[in-house]
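Only one structure is covered here, and it is reproduced in the block below.
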Amino acid sequence: MDILIIMSVGIFIGYKYFNEKYSGINSLVQTLCTALLIFSMGVSLGSRPEFFSELYTLGIKSIAFSIIPIIFSIIPVYILTKKFLDKKTGDKK
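Okay, so the sequence shown: first residue is 11 according to my numbering, each after it adds one.
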């Protein structure tokens, strides 16, 4: 719930007080905050005493959690594309 409140406040402030002339500054601030977030996550992970010994297990789990949804997303798209799209033009059959 906290995330939705913070996001709603950001949307309101962006809608009311930021216009197009601030979009460059806003983009820079977003990039810097994202870099800071990634850095702080790295510091948090690196400070764990068993992190490097757990890295292999975490890597295997991460690969599984990414590849399985990718495969189960590609398969239906492939099947539906073969069924509903014309091969030559890409238009609907």
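Even glycine gets a Cβ: it sits at the ideal position worked out from N, Cα and C.
Remember, predicted model here, so these are calculated numbers, not experimental data.
State the start and end residues of the unbroken alpha helix (DSSP H) segment that holds residue i.
i     : result
LYS26 : 12 to 27
SER50 : 33 to 56
If you draw a straight line from the C-alpha of residue i to the C-alpha of residue j, how long is it?
i     : j     : result
ILE48 : PHE94 : 42 angstroms
LEU14 : ILE85 : 33 angstroms
TYR66 : GLY56 : 14 angstroms
ILE21 : VAL53 : 30 angstroms
GLU64 : LYS71 : 11 angstroms
LEU90 : SER76 : 22 angstroms
LYS31 : SER37 : 11 angstroms
ASN29 : ASP12 : 26 angstroms
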